[in-house]
Each structure stands twice: as structure tokens, then as C-alpha cells.
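Colleague: Take a look at the following structure, please.
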Amino acid sequence: MDVMPKWAEVILVPLISLILAAILSALVILAIGEDPVAAVNLMVTGALGSTYGWGYTLYYATNFMFTGLAVSVAFHAGLFNIGGEGQAMLGGLGVALVLLFIPWPHWTVALLAAALGAAAFGALWAAIPAYLQAKRGSHIVITTIMFNFIAAAVLNYMLVNQLRPQGAMDPATARFAETVHLPNLHQMLAPIGINFSKAAPANVSLVIAIIACVLVWLLIWRTPLGLEIRSYGKSGRAAKYAGIGAVRITMVAMLISGALAGMMAINNVMGEAERLVLNAVEGAGFIGIAVALMGRSHPFGVFLAAILFGFLYQGGAELALWTSIPRELIVVIQALVILFTGALDNMVRMPLERIFLAARNARAPKRERKQAAE
Amino acid sequence: MDILALFDLSVLDSTVRLATPLLLACLAGLFSERAGIFDIGLEGKMLFAAFFSAAVAAMTGSVWLGLLAGIASSMALSGIHGLASITFRGNQLISGVAINFLAAGLTVLIAQDWFQQGGRTPSLIGGGRFEPIILPFAEAARSVPFIGPIYAELISGHSILVYVALLAVPGTWWLLFRTRFGLRLRAVGENPAAVDTAGVSVVGLRFVAVGICGVLCGIAGAYLATGLQAGFVKDMTAGRGFIALAALIFAKWRPWHALWATLLFGYLQAIALRPDIIEGALGFRVQVQLLDALPYILTVVILAGFVGKAIPPRAGGEPYVKER
Chain A
2 MDVMPKWAEV ILVPLISLIL AAILSALVIL AIGEDPVAAV NLMVTGALGS TYGWGYTLYY
62 ATNFMFTGLA VSVAFHAGLF NIGGEGQAML GGLGVALVLL FIPWPHWTVA LLAAALGAAA
122 FGALWAAIPA YLQAKRGSHI VITTIMFNFI AAAVLNYMLV NQLRPQGAMD PATARFAETV
182 HLPNLHQMLA PIGINFSKAA PANVSLVIAI IACVLVWLLI WRTPLGLEIR SYGKSGRAAK
242 YAGIGAVRIT MVAMLISGAL AGMMAINNVM GEAERLVLNA VEGAGFIGIA VALMGRSHPF
302 GVFLAAILFG FLYQGGAELA LWTSIPRELI VVIQALVILF TGALDNMVRM PLERIFLAAR
362 NARAPKRERK QAAE
Chain B
3 MDILALFDLS VLDSTVRLAT PLLLACLAGL FSERAGIFDI GLEGKMLFAA FFSAAVAAMT
63 GSVWLGLLAG IASSMALSGI HGLASITFRG NQLISGVAIN FLAAGLTVLI AQDWFQQGGR
123 TPSLIGGGRF EPIILPFAEA ARSVPFIGPI YAELISGHSI LVYVALLAVP GTWWLLFRTR
183 FGLRLRAVGE NPAAVDTAGV SVVGLRFVAV GICGVLCGIA GAYLATGLQA GFVKDMTAGR
243 GFIALAALIF AKWRPWHALW ATLLFGYLQA IALRPDIIEG ALGFRVQVQL LDALPYILTV
303 VILAGFVGKA IPPRAGGEPY VKER
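Protein sequences, first through last, are from chains A and B. Numbering of the first sequence is given in my numbering, commencing with residue 2 and proceeding in unit increments. Numbering of the second sequence is given in my numbering, commencing with residue 3 and proceeding in unit increments.
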């Protein structure tokens, strides 16, 4: 089983996959008649060259940390949660209900309540597919896909028919109260003398997302529940013999997963838009899949991958602004990353394993000779 | 109250039109999944085919060349899916997700590069579209009571791909249940080891199944862009690949049931476009969002086993490894 050393498994395989995805992306840019080097330069200056760019990069990264962690937790239990998109939509609904109907005195209390609301709604939306998988054996991938569409219909109904203020044209809620405005990085960093861009949307949710990364790491690798989740994910049958209940683990893992996806809403709904709009999630739920695959379902990997995708998102927006390359380029890059780090994993792994095996075999006879000489 | 208005000929007519891409995609998924390869990339393949068929039809003025381009492009994506899930034994679901995004991104990227119209193709005119076919005596039969209008409106007057889709149903049934190839294909989705023992290539059979899936998705996409509508617009499949997937489960992976399931979902789409008829017939308003979500809700209910049990092919989703 352990043909490769751990560092190769954790760093080399994803790195090669990433390089392959990057090469193909460069070819795509070449094919539509643009210069890949200039494109990368533009993306780097646009996303990382100013605190404004960083503010957007980190804002997107915050979304992707939540959704990436959501997919990762489910992956650890051997479940593929494609429903992050729908769970994040419902999370947004939770945030909106909490903030619209209760007058909060201060943003700190409001943030706590909104996070709970978002997590509860997201978990609820994951609970039904989880229950159906655990008790009725319906395939969780199909049910979570279906629940994404149902969530879109629910959100559409709530915004168009229930939450839209009277007389308003666009399907969105009213603006949240001024008191629940979350401090952005400009307001947070000003006291310590850093002049961060005022206009960028990155906000205190970033801190929550990083805390969530740490908590998920603690949960998965430092608690008995985490051990149970991982054992169940590695082998459901073995876990059953060890007395780990399949229904319980499926439910718990999916509830946590849905709650994390839903929590994204404190960033995009409460932190950025400050009201709930129809397409608030903007595909972040799906990017969570790419982020989790690239981060090898490890919270630190998810953290790094989320920042990379935040960079791609902001850089892609800059590209669309200054060149004729449409924003959809990042969708292509995202697809290639999912393809190479997820589906074509063996394509990279098999030759690498052969190389490591050959290297080990070449070393082994030498050691035998040495032992013989002694 | 006029319940019969719900089955107005114009509604049934658009049911047939809207069910066609669903039916083709559903049969595509049926071939793939019966052979043990899950395919959630139907949506992406249809979208890819819709773009390339419209683009080639717009450039050459020939809808037939467009159809060929659509099929070829969809098969290219099938090839990637096969490579990832059969050759390299990767996760079929993840591969499907990647294909959906690849198609969503590349179509807009290439459309922008080729036509500079914001990710769409020019509108198709004349020979660039599949025109409706008027069946013989359609006009003459119109005066015959009851049957006449049904023949003239509902059965006649669709583009050729609609009839192709309808013929694909008995075709699929015959191929799967009356030929040796079909028996093997179904066996490879249930017990690939047995097929391997019998000396038939599991990999070969699965690639053929995935290839057929590509052809059917290609026709579905071409119909969307050159039959149902006149040109490609961004994300024009609008979840149809997933509705087809839902229909496939609804039909429990059987061809004739796939026809009924896609007609039902097509009807739901058609009636959702006519809220006036629903209100007139039932006397109250039905939320459009409920009608939109109904196919998905029905699928979840079916999957949950509350109305009969949907059991997928046994080896579905499992990569085949010789000599475990």
C-alpha cells in the first residue's frame, strides 16, 4: 500500500496534478488568442497587487473555506456532498430571517445568531438527504443534486413572494440594519496601523472561517467522533464490526457538512451584500468540491486551496475587465483542477508509484550487499 | 373550472418538444449506467453539443454538419469520462462534475472567441435549423373530428430529431433486451467479473456504452440549439441533464418507462409556461416555483422508496479491477 513516502502523497501528487491543470489552462488561453504570461501577470497584480485585490481574494477564499470544509468532512465519512450549493443558499435564508426579524443591539451578538441560523438551515438541508441515505439507501449524490434545485426553487419563492419589500422590483430582501454591519478588514486593521482598502469586502468572517478550519482539524484528528468518521469512511463494514453506527455517522457527518456550507452565508450575505439576493452563492458550493479535492480533505490543504481559488476568482474578474477573456475561464480552470486532482488522480499516481518502486528496488540490493560485507 | 384545458393541444404539443431533449439524454444515461458507469455529466455533454452544433450550423449554414459536430463534441467529453472512470479507475461522480464545469466554461469561452456576442452564437436561419416536418395529409386530416387536430398538431409538425428520439425508445429496448450485445452490456453493469470470465472485454463494453451515451447526448444538445431554439445561449441546458437523470431513476433504468417519465417531466415544464391555463383549470394559482421543483421532489420521493424502489445496476460506480 505505502509505495510512496508521505510527502510524495501529500505534496507531489497534488502539485503535479495542479501543474497539469495549469498547462492545459495556458493552452486554452493560447487557443483563444491571448498571451498566458500576460494573463497570469494581470491576475497576480489584480488579485494580489493591492490591498483592494487582496480584500476580494480573501473574501472569495472565505466562502471557499466554508464550502471546502463542508465537502471535506463528508469525504472523510466516505460521502460525496454535492449539495453545498443548496445548503449555502438555505444558510443565506437562515441569516436573512435572523437579521430581518430580530433587532440586534450589536454586530457581535448578531454574528453569533446569524452563524447559528445559517448553520441550522444548512444542516437541515443536508439532513434530509443524509436521512434518506442512511435509512432508505437513496444515493446521497443524486439526492443532494436534487436538493440543490429544490433549494433554488425555495429561495426563489421566499424572495419573490415573501421577503421582497413592497414595491421593490428585484427579488431580494430589504437591507439589514446598520447595527449588524460586520467590520471589514479596513476597520479591523486600522487600529494596528495597517491601511487596508475600504472598498474590499473581506470581513471578520475570514477569522471565523480560519477558526472553522482549526475546529474541523481538531474534530477529525483529535476526537473520538473524528476517528469514527474516518473509520466509517475508510471501510463501512469494518466500522460496523467496531460498533460504529452507520446511521449515526452518516447523519452527524452530513449535519456538520451542511452546517459548514450554510455558514458561508455570514460572509456573502451578512458581510458583503448585507441583504439576501437570488444568486448569492454564485457557485461557491461547487468550488468547494475542487477546494476539498485539491486540499486532500485536510483543513490546512483546504485553507491553501481556498486562497488559491480566491486568487483565481479575483484574478479572473480582473482578466474579464481588462482583456477579452471572459470570466468563464475560471470555470474551465476549476473543471481541470477537479478533473486532475479528483477523477484522473490515478493517471498521476500510477507512474509516480512505479518510479518510487523502481527507486526502492534499486536501493535495496545495495543494502543487502553492505550487510553481506559486514 | 375546466380540467380538460390542462390537456390543451398546444400544451401537449410543447410537452413533446420539451420532452425530446430529456428523453434523448435519459436514454444516453441509461446506456452508460446499465453498463455500470454513473454519468452525472449528461448536462455538460448536452451543453457542449448544443454549442458546437449551433456554431458549426451558423458557420456552414448546414444543420446536418451542425448535428455531426454536436455528436463529435459530446463524444469527446465521453472519451474523457471513459478515460477517467474506466481506464484510470477514477471516481465517476467527480469526473462527471468536472465535465459539467468544463462544458459550462469552454462553451462561453469559445463562443466569445469565435463570435464576440457575449457567449452566444448568431441566430440560426434557413438551413441552419431543423425545420418542422409536416406529415402526409396533415392539413387534409385537420377537418376530421378529434383525431384530425391531434394528428395535425401533436403528431405532425415536429423536427426530425423528435421522431429520432421517439424511435430511439424501441431501438434501445431492442438493443438492450433482444441482442447479445445488450445482454453483455447489462451484465457488465451487474457483474463485470462474470463477463470478464466469459472472455468478453469489460473495458471495451463500457467504452462502447459510454460512446453511445455521447452520441445520444450529442443529438439532445443539437436538438436544443438547432430544433427547439435557434442558436446557442450560455447555460442553455438549464438543468435538463439533471432532470434526465431524475427521469432515469424515475424510470428505474428501463427504456419504455424512460419515455413516460420524460413525457411527464416535459409536461411539467410545458404547463409551467402556462400559468393562465392552470389557474383557469384548477381555480387557484399554483406557484411556478413548485412546478419547477416538482421533477426533483418526485425523484427524491421515488429514490426514498416510498413509491416502489429504484434499484440501480449493481456494479454502478465501481471501477472494475481484474483479479481482486
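Backbone N, C-alpha and C define an ideal beta-carbon position, used for all residues, glycine too.
Among B:Asp41, B:Val302, B:Phe50 and B:Glu155, which has the Cα closest to the Cα of Ile88 (chain B)?
Modeller: Of B:Asp41, B:Val302, B:Phe50 and B:Glu155, the residue nearest in Cα terms is B:Asp41.
Colleague: Considering only residues of the same chain and omitting the five flanking positions on each side of Val303 (chain A), which have a CB-CB separation below 7 Å?
Modeller: Answer for Val303 (chain A): Met66, Gly69, Leu70, Ser73, Cys214, Val292, Ala293 and Gly296, listed in chain order.
Colleague: Can you pull the DSSP bridge partners for Phe204 (chain A)?
Modeller: It should be pointed out that residue 204 (chain A) corresponds to Asn in this sequence rather than to Phe. A:Asn185.
Colleague: Taking 7 Å as the CB-CB limit, is Asn193 (chain B) close to chain A?
Modeller: Cβ-Cβ to chain A under 7 Å: no for Asn193 (chain B).
Colleague: Residues of chain A with a CB under 7 Å from the CB of Phe90 (chain B): which are they?
Modeller: Correct list: Leu345, Asn347 and Met348.
Colleague: With 16 as the cutoff for other CB atoms within 10 Å, does Gln163 (chain A) come out buried or exposed?
Modeller: Under this definition Gln163 (chain A) is an exposed residue.
Colleague: Could you please give the first and the last residue of the uninterrupted alpha helix (DSSP H) stretch that includes Ser73 (chain A)?
Modeller: Ser73 (chain A) -> alpha helix (DSSP H) spans Thr52 to His77.
Colleague: Going by the CB atoms, is the gap between Gly123 (chain A) and Ala262 (chain A) shorter than 7 Å?
Modeller: Yes, the pair counts as a contact, with Cβ atoms nearer than the cut-off.
Colleague: Looking at the C-beta of Ala360 (chain A), does it have a partner C-beta in chain B at a distance below 7 Å?
Modeller: Chain B, which has no Cβ nearer than 7 Å to the Cβ of Ala360 (chain A), makes this no.
Colleague: Any beta carbon of chain B sitting closer than 7 Å to that of Tyr233 (chain A)?
Modeller: No, Tyr233 (chain A) does not count as interfacial toward chain B.
Colleague: Could you name the residues of chain B that Met147 (chain A) contacts, counting a contact when the two beta carbons are closer than 7 Å?
Modeller: Those are Ala248, Tyr298, Thr301 and Val302, listed as they occur along chain B.
Colleague: Please decide whether Thr144 (chain A) counts as near chain B, where near means a Cβ-Cβ distance under 7 Å.
Modeller: Closer than 7 Å: yes.
Colleague: Using the DSSP secondary-structure output, state which residues sit across from Val278 (chain A) in a beta bridge.
Modeller: DSSP output for Val278 (chain A) lists A:Ala173 as bridge partner(s).
Colleague: Quick one: what's got a C-beta closer than 7 Å to Pro124 (chain B)'s C-beta in the same chain, skipping five residues either side?
Modeller: Counting only Cβ-Cβ distances below 7 Å, and skipping sequence neighbours, we find Ala60, Phe117 and Gly233.
Colleague: For Phe244 (chain B), decide whether its Cβ has a neighbour in chain A, counting only Cβ atoms nearer than 7 Å.
Modeller: At least one chain A Cβ lies under 7 Å of Phe244 (chain B).
Colleague: Taking Gln271 (chain B) as the query, report the chain A residues whose CB atoms sit under 7 Å from its CB, ordered along the chain.
Modeller: Here the premise fails: no neighbours, minimum Cβ distance about 13 Å.
Colleague: Within 10 angstroms of its Cβ, does Lys47 (chain B) collect 16 or more other Cβ (buried), or is it exposed?
Modeller: Label assigned to Lys47 (chain B): buried.
Colleague: Assess, as a yes-or-no matter, whether the stretch 95-107 of chain A is touched by the stretch 299-317 of chain A under the definition of 3 or more beta carbon pairs within less than 8 Å.
Modeller: The stretch 299-317 of chain A vs the stretch 95-107 of chain A: no contact.
Colleague: List, in order along the chain, the chain B residues whose C-beta lies closer than 8 Å to that of His140 (chain A)?
Modeller: The answer, in chain order, is Leu305 and Pro314.
Colleague: If you measure between the beta carbons of Ala336 (chain A) and Leu104 (chain B), is that distance less than 7 Å?
Modeller: The answer is yes: Cβ separation under 7 Å.
Colleague: Below 8 Å, how does it come out for the stretch 37-50 of chain A and the stretch 312-331 of chain A: are there three or more Cβ pairs, yes or no?
Modeller: Yes, the stretch 37-50 of chain A is in contact with the stretch 312-331 of chain A.
Colleague: From the DSSP output, in three-state form, read off His160 (chain B) for me.
Modeller: The answer is strand: DSSP assigns His160 (chain B) an E or B state.
Colleague: Run through chain B and tell me which residues come within less than 7 Å of Gln188 (chain A), C-beta to C-beta.
Modeller: In chain order: nothing, as chain B lies at least about 36 Å away.
Colleague: I'd like the ranges of any beta strand (DSSP E) spanning at least 3 consecutive residues and lying wholly in the stretch 76-126 of chain A.
Modeller: For the stretch 76-126 of chain A, not a single whole beta strand (DSSP E) run of length 3 or above is found.
Colleague: Quick one: using the 10 Å Cβ neighbour count with 16 as the cut-off for buried, is Gly259 (chain A) buried or exposed?
Modeller: Classification for Gly259 (chain A): buried.
Colleague: Mark Asp36 (chain A) as exposed unless 16 or more other C-beta atoms lie within 10 angstroms of its C-beta, in which case mark it buried.
Modeller: Under this definition Asp36 (chain A) is an exposed residue.
Colleague: Would you decide whether Ile141 (chain A) is buried or exposed? Buried here means 16 or more other CB atoms lie within 10 Å of its CB.
Modeller: Ile141 (chain A) should be labelled buried.
Colleague: Start and end of the alpha helix (DSSP H) containing Phe312 (chain A)?
Modeller: Segment Pro300 to Trp323, the alpha helix (DSSP H) holding Phe312 (chain A).
Colleague: I want to see whether chain A comes within less than 7 Å of Phe103 (chain B), judged by CB atoms only; does it?
Modeller: For Phe103 (chain B), the answer is yes, since a Cβ of chain A falls inside 7 Å of its Cβ.
Colleague: Compare the C-beta of Val166 (chain B) against all C-beta atoms of chain A and say whether one is closer than 7 Å.
Modeller: Val166 (chain B) does not count as touching chain A.
Colleague: Taking Cβ-Cβ distances shorter than 8 Å, what residues in chain B pair up with Val303 (chain A)?
Modeller: Correct list: empty, because the minimum Cβ distance to chain B is about 16 Å.
Colleague: Over what stretch of residues does the alpha helix (DSSP H) that includes Ile267 (chain A) continue unbroken?
Modeller: Taken as a continuous stretch (DSSP letters only), Ile267 (chain A) belongs to no alpha helix (DSSP H), as it is neither H nor E.
Colleague: Would Asn16 (chain B) and Ala272 (chain B) be called neighbours here (beta carbons separated by less than 7 Å)?
Modeller: The amino acid at residue 16 (chain B) is misidentified as Asn; the sequence shows Ser. In contact: Ser16 (chain B) and Ala272 (chain B) (Cβ atoms closer than 7 Å).
Colleague: Using beta-carbon positions only, say whether Ala127 (chain A) and Val96 (chain A) come within less than 7 Å of one another.
Modeller: Cβ atoms of Ala127 (chain A) and Val96 (chain A): not closer than 7 Å.
Colleague: Should Ala142 (chain B) go down as buried or exposed, given a rule of 16 or more other Cβ atoms within 10 Å for buried?
Modeller: So Ala142 (chain B) counts as exposed.
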